[in-house]
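Following this line, the structure appears as structure tokens:
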């Protein structure tokens, strides 16, 4: 079956612009996660959605970052007023139990 | 807070050598433990997992045992292949989020 998909695969933007990253989880998975992978920080948790519960936003690094999950499926991670330190690979994962399946990621480059 | 510490790389081995990548964790409860692998140019894939103390996870010749007494989950393989060259991440967590180690890059030479 289809895995987790993310779009775009690559995004280059200018400092100060807003970006939206999309994640399509595996059908039927109730949980969705966003992580960030960067050279300096490794893999960091950003945000977690579970069903209709309020999301766990404890990993978001600043108020410039936000995420939505519409209809319990697709999720969008939005970064406002991007900074160069936001450059990283943004990974989405979904799960039905405690095993997370990862998408291929979106590589974000902020010039 | 919860954390994972794994041995820093890079690790370079010859084909058929024995591999150990050390991983220890700190946690307030009893998390599940995971090893993920990232092959060059590919996404993160689950390699193996263990959900409770003394469980052994295994896959593709790799093994790791959940040791509560030493809070460890070391990854081992008896005979590595060139195709095992990748970055390996140890992680802890459950249904809520994963906490990852910084990754260990393994290169296996023929």
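Protein chains in written order, with the working numbering: chain D, 1 to 111; chain Z, 1 to 110. Cβ atoms here follow ideal geometry from the backbone N, Cα and C, with glycine treated the same way. As the structure is a computational prediction, the values presented were derived from the model and not from experiment.
Rounded to the nearest angstrom, the gap between the Cα atoms of residue 59 of chain Z and residue 35 of chain Z is 10 Å. Between residue 104 of chain Z and residue 10 of chain Z, the C-beta spacing is below 9 Å.
By the CB criterion at 9 Å, residue 26 of chain D and residue 94 of chain D fall inside the cutoff. Residue burial is scored here from C-beta neighbours: residue 31 of chain Z has at least 16 other C-beta atoms within 10 angstroms and is therefore classed as buried.
The continuous beta strand (DSSP E) containing residue 24 of chain D extends over residues 19 to 24.
The C-alpha of residue 91 of chain D lies about 5 Å from the C-alpha of residue 35 of chain D.
Just so you know, the alpha carbons of residue 40 of chain D and residue 85 of chain D end up roughly 10 Å apart. Residue 111 of chain D counts as exposed, since fewer than 16 other beta carbons sit within 10 angstroms of its beta carbon. Shown in chain order are the members of the segment 99 to 110 of chain D whose Cβ falls below 9 Å from a Cβ of chain Z: 99, 100, 101, 102, 103, 104 and 105. If you draw a 10 Å sphere on the C-beta of residue 52 of chain Z, you find fewer than 16 other C-beta atoms in it, and that means exposed. When DSSP states are grouped into helix, strand and coil, residue 41 of chain D belongs to the coil group. Taking 7 Å as the cut-off between beta carbons, the residues of the segment 13 to 44 of chain D near chain Z are 31, 33, 42 and 43, in sequence order. In the DSSP annotation of this structure, the continuous segment of the beta strand (DSSP E) that includes residue 11 of chain D starts and ends at 10 to 13. For residue 54 of chain D, there is no enclosing beta strand (DSSP E), as DSSP marks it with neither H nor E. DSSP places residue 62 of chain Z inside the beta strand (DSSP E), whose first and last residues are 62 to 65.
For residue 82 of chain D, the secondary structure class from DSSP, reduced to helix, strand or coil, is coil. Contact annotation for residue 91 of chain D against chain Z: 43 and 44 [CB-CB distance below 9 Å, chain order].
Nearest CB-CB separation between residue 91 of chain Z and chain D: below the 9 Å threshold. The straight-line gap separating the alpha-carbon atoms of residue 96 of chain D and residue 43 of chain Z is approximately 19 Å.
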